[in-house]
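I have placed the structure first, in the form of C-alpha cells, so that the comments after it can refer back to it.
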Amino acid sequence: MTTNIRTEEISAILRKQLSDFEKRIEVYQIGTVLSVGDGIARVHGLADCMLGELVTFAGGITGMALNLEEDNVGVAIFGDVARIKEGDEVRRTNTISSVPVGESLVGRIVDALGVAIDENTPISAKESRQIEVKAPGVMDRQNVHEPLQTGIKVIDALTPIGRGQRELIIGDRKTGKTTLAIDTILNQRGQDVYCFYVAIGQKRSTVAQTHEVLKRQGAMEYTTIVAATASDPAPMQFLAPYAATAMAEYYRDSGRHALIIFDDLTKQAQAYRQLSLLLRRPPGREAYPGDIFYLHSRLLERAAKMSAGKGGGSLTALPIIETQAGDISAYIPTNVISITDGQIFLERDLFNAGQRPAVNPGLSVSRVGGDAQIKAMKQTAGSLRLDLAQYRELEAFSQFASDLDAVTRKQLERGQRLMEVIKQGAGVPLPVAYQVAIIYAGVNGYLDEIPRTQVKDFEQRLFEGLQSSHQDFVDQLNKEKALTDPLKRSLNTILTDLQERITA
Amino acid sequence: MSYRIAQRYAQALFDLSQERSNLTAVHHDLRKISDLVNRSADLKHFLADPVIAMEKSQAVLQEMFHGKIDALTFKFLLFLGQKNRLGHLPSICAIFSDLYEHAKGILRTKWTSSVELSAKDVDDLSGYLKKKFNKDVIAEQQVDPGSLGGIKVQAGDTVYDYTLRTQLKRFRETVGNAS
Chain A
1 MTTNIRTEEI SAILRKQLSD FEKRIEVYQI GTVLSVGDGI ARVHGLADCM LGELVTFAGG
61 ITGMALNLEE DNVGVAIFGD VARIKEGDEV RRTNTISSVP VGESLVGRIV DALGVAIDEN
121 TPISAKESRQ IEVKAPGVMD RQNVHEPLQT GIKVIDALTP IGRGQRELII GDRKTGKTTL
181 AIDTILNQRG QDVYCFYVAI GQKRSTVAQT HEVLKRQGAM EYTTIVAATA SDPAPMQFLA
241 PYAATAMAEY YRDSGRHALI IFDDLTKQAQ AYRQLSLLLR RPPGREAYPG DIFYLHSRLL
301 ERAAKMSAGK GGGSLTALPI IETQAGDISA YIPTNVISIT DGQIFLERDL FNAGQRPAVN
361 PGLSVSRVGG DAQIKAMKQT AGSLRLDLAQ YRELEAFSQF ASDLDAVTRK QLERGQRLME
421 VIKQGAGVPL PVAYQVAIIY AGVNGYLDEI PRTQVKDFEQ RLFEGLQSSH QDFVDQLNKE
481 KALTDPLKRS LNTILTDLQE RITA
Chain B
1 MSYRIAQRYA QALFDLSQER SNLTAVHHDL RKISDLVNRS ADLKHFLADP VIAMEKSQAV
61 LQEMFHGKID ALTFKFLLFL GQKNRLGHLP SICAIFSDLY EHAKGILRTK WTSSVELSAK
121 DVDDLSGYLK KKFNKDVIAE QQVDPGSLGG IKVQAGDTVY DYTLRTQLKR FRETVGNAS
C-alpha cells in the first residue's frame, strides 16, 4: 500500500490541506476531575455542560454527563478508568451523544458509540443521529398491519408479530431465547428488513459465535451487531440499546423496515442500576432507581409503524428478558411485559421435555399482531389455538388414557400431534405457505392416524412434496394470502395423498 | 454536600461584611488564612481534625489570630469552631473569594505562554480582555515551553486557545481525516 505513493503526490496533498487550513482560535470549556472511580468521574467546572453531553478526558477517553449538580458534574466514563487521574482536564464537546447511522453500518460489529470493533476499516457514515430522541408522536403512527414473519411455526401462528410491534421474548436462561431471535433475523433474508442485534452484557465468545452463525447463513448482509459485552463498562451496556435504536430509526424514518433485538434488557437494567447507585441516586425496589420503568418505556416507544405520510417505515423491537426460575412477577419482567405489545413465554420444562421452541402457547400473547397475520394463517391458526387449549386442560389425564371416553382420547391424540407439529429445529425458518400447510394438516385431522413419532417424517415429506411437485400451490397461496376453496381442495388432495402413502 | 455547607457560611460572612462595609478587609484576611493553610500542613490537619475538643481549638485560634485579623473574621473563625465546621474553612475561603471577585467585577484568568510575556504584552492583553469582558482582569501567568508558541487564556471554565501546539494538532487531524 505504501509502495505506490509518490512523494510529489504527498507534497501536493499537504500543500492543498495547508492552504485550506485557516488559523483559528480554539475556544472550549474545561473542568477538572475531582474524584474518579467505579466508572464515574466527578468533575468540577464544565459550568454550561448539557445533560447527556459527551466530554473528553485527557488521553481521548470519552464520557457522558449524567448528573448535573450545583458544584460538580457526574460523568460516566466510556473507557479505561485507570488512565484518568484526579486533577485531569476534562473538555466539553458541545455535542449530545450521537452515533453514526446509515448503510455503511450494515454487516458490521460496532460498540455502543458506533465505533467499529470488527477489525475492519473504521465506519465512515455521512450522517449521525442523537442517541436519545423522543419517540414518534401519535399522529405520526398507524396501526400495525404488515406481518413480520419469524419463520417459526408456533409464533407466526399463535403470537404473530407485525412490523412496528414490540414483542417480548421472556424465559429462564438456556430456554432458547437467543435462538428464537436469531432465527427471526435469518428469516428476514430478502424481505427488505434491516436487522440490528444488540448484545448487552454477553460474553465476547458468545457474540463471536452469533456473528459466525449470521455470517454463515448470509444474514450479515442486512444485519448490524451492536455489542456492549460483559467486559465493557456499565455506561456502554446502558447506552447500547439506545445507540442501536438510533441506527435503526434511520431506516424507519426513511420509509424502510427495521428489526431490532435487545439481548437482553435485564443486563441493561442491571448496568443502569450500577450506574445509578454509583451516582448516588436513591435506590428503590430491588435497588433499581426510580426511573427504571422509564428507562425501558422510552426505549421501546421508539419502535413504531409510521403513518403513510411519514413514509410508512417501521421499527419492530424484540426485547429479551431473562427470568429467574420462571418468575415473571419480578420487577423488570413485569415492567417490560406491561410496556410491550405481547410476550413469547419460553418454559424450562417444555424445553427439557424436547418441546422446542419451548413456547408456552397459553401464556404467550400478541396484542396487536393479529391484524398483521395473513388470512390463510388466521384461518388455520384459530382452531390450532383452541385444540391446544383443550389439550392442555386434558393433559393431566393422559396417563389414564385407557379409561377415557373416545372423544377425550381423540382430543388428547390430536393435541399430542399438534404439539409435535409446532416443534421446529433451530436455524430452519419456514416460509409461511409451508407453515399453513402443516398446521392445516394438524388441525384437520390428517395426522390423527399417523403415529406420533412419525409426525416429523410426515412434515418432512410434505415440505419435500410442496417444493418438488406442488410449487403451483405455494405460489398461488403466496399470491392470494388466503385459503380459498380451490386452494383448500388442492391442499386436501396433497395431504390425503401423502397420508395414504405413509400409512400404507 | 460539603460544597453546600461551605457555600452557606461563605454567603453569610459575605453578606455581613458587605453590610458592615469591611468586605475588603475580610477578603484580605481570608486570603491570608488560605495561604497559611496551604503552606502549613500542621494547620491543615488541625482544622480538619474532628477529635480536638472545642475549648482547645478555640484557645488555639485565639492565640493564633487574635488581634492580627479583622474582628469580624476572627469572630467568624471562633463561630466555625463552635459549630465544628473548621474543616470547611479552605473551601469557604475559595467560595468567598469567588463572591468577592464577582461583586467587584474582577475576572480571574490564567495565561499560558511558551515564553515569558513582556510588560507591553501583558498590558496589551489585559487591556484587550478588560474591554472584551468589561471587567478588571487578574492574570495568573504560567510558562509552558510545550505549547511551542502563541498563548492560551483561561477565563472561568472557558479556554481561548491560540497556541501553536493546538494549531498543529488540529492540522494533523484535518490531514488525517482527509486521507
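Residue numbers (the working numbering), protein chains in the order written: chain A, 1 to 504; chain B, 1 to 179. Cβ coordinates follow ideal geometry from the N, Cα and C atoms, glycine included.
Length of the line joining the Cα atoms of residue i and residue j
i	j	result
A:N478	A:Q165	23 Å
A:P147	A:Y288	36 Å
A:S469	A:D475	12 Å
A:V75	A:F238	14 Å
A:L384	A:G362	12 Å
A:F257	B:D157	Here the sequence assigns His to residue 257 of chain A, which means Phe is not the residue at that position. So the alpha carbons of these two residues sit roughly 45 Å apart.
A:D172	A:A325	6 Å
A:G515	A:Q149	Lying before the first or after the last residue shown, residue 515 of chain A is absent from chain A, which here runs from 1 to 504.
A:L498	A:D472	17 Å
A:A199	B:A103	54 Å
B:T73	B:A25	9 Å
A:Q454	A:K375	29 Å
A:M1	A:I13	In this prediction, A:M1 scores a pLDDT of 46, lower than 50, which makes its location untrustworthy; the coordinate-derived value is nonetheless stated afterwards. Going from the Cα of A:M1 to the Cα of A:I13 covers about 17 Å.
A:A441	A:L495	7 Å
B:L164	B:D121	17 Å
A:N352	A:D140	45 Å
B:E19	B:S57	29 Å
A:L491	A:F463	12 Å
B:Y160	A:I10	32 Å
A:L483	A:L275	54 Å
A:I61	B:Y3	28 Å
A:N94	A:K174	44 Å
Bridge partners - residue i, DSSP secondary structure assignment
i	result
A:F262	A:V198, A:P319
A:Q343	A:L168, A:V365
B:T109	B:A139, B:A155
A:M64	A:L54, A:A76
A:P100	A:S128
A:H257	A:V193, A:S314
A:A41	A:V36, A:V75
A:K305	A:S314
A:G31	A:G45, A:V90
A:D448	The partner list for A:D448 (beta bridge, DSSP) is empty, contrary to what the question assumes.
A:E26	B:D161
Presumed contact (8 Å Cβ cut-off) between residue i and residue j, rounded CB distance
i	j	result
A:T366	A:T159	The residue asked about is misnamed: residue 366 of chain A is Ser in this sequence, not Thr. Contact flag correct, Cβ pair sits at about 4 Å.
A:R91	A:E53	With a Cβ gap of about 11 Å, A:R91 and A:E53 do not count as contacting.
A:A125	A:P100	3 Å
A:P429	A:I152	7 Å
B:S126	B:V137	5 Å
A:Q17	B:T174	6 Å
Contact check, residue i vs residue j, beta carbons under 8 Å
i	j	result
A:V154	A:I422	yes
A:E459	A:I438	yes
A:L418	A:Y391	yes
A:I321	A:L168	yes
B:V37	B:L47	yes
A:G311	A:G255	yes
A:R356	A:G162	no
B:I106	B:K135	yes
A:A181	A:L404	no
A:H44	A:N72	yes
A:A244	A:V226	yes
A:E347	A:A358	yes
B:S114	B:P90	no
B:I92	B:Y9	yes
B:L77	B:F96	no
A:V336	A:L388	no
A:S297	A:K305	no
A:Q270	A:P241	no
A:L34	A:E69	no
Within chain A, partners of residue i - CB distance below 9 Å
i	result
B:R4	E70, D71
B:V175	I13, L14, Q17, L18, F21
Contact set between residue i and chain B, taken where Cβ atoms lie within less than 9 Å
i	result
A:A47	G156, D157, T158
A:I30	Q154, D157, T158, V159
Partners in chain B for residue i, counting only beta-carbon separations shorter than 8 Å
i	result
A:E146	Chain B residues near A:E146: none, gap ~41 Å exceeds 8 Å.
Closer than 7 Å at the beta carbon, the chain A residues around residue i
i	result
B:T166	E26
Cross-chain neighbours of residue i in chain A, by beta carbon under 8 Å
i	result
B:Y162	I25, E26
Any non-hydrogen atom of the ligand MG closer than 7 Å to residue i Cβ
i	result
A:K177	Ligands are entirely absent from the displayed structure, and the ligand MG is therefore not among its contents.
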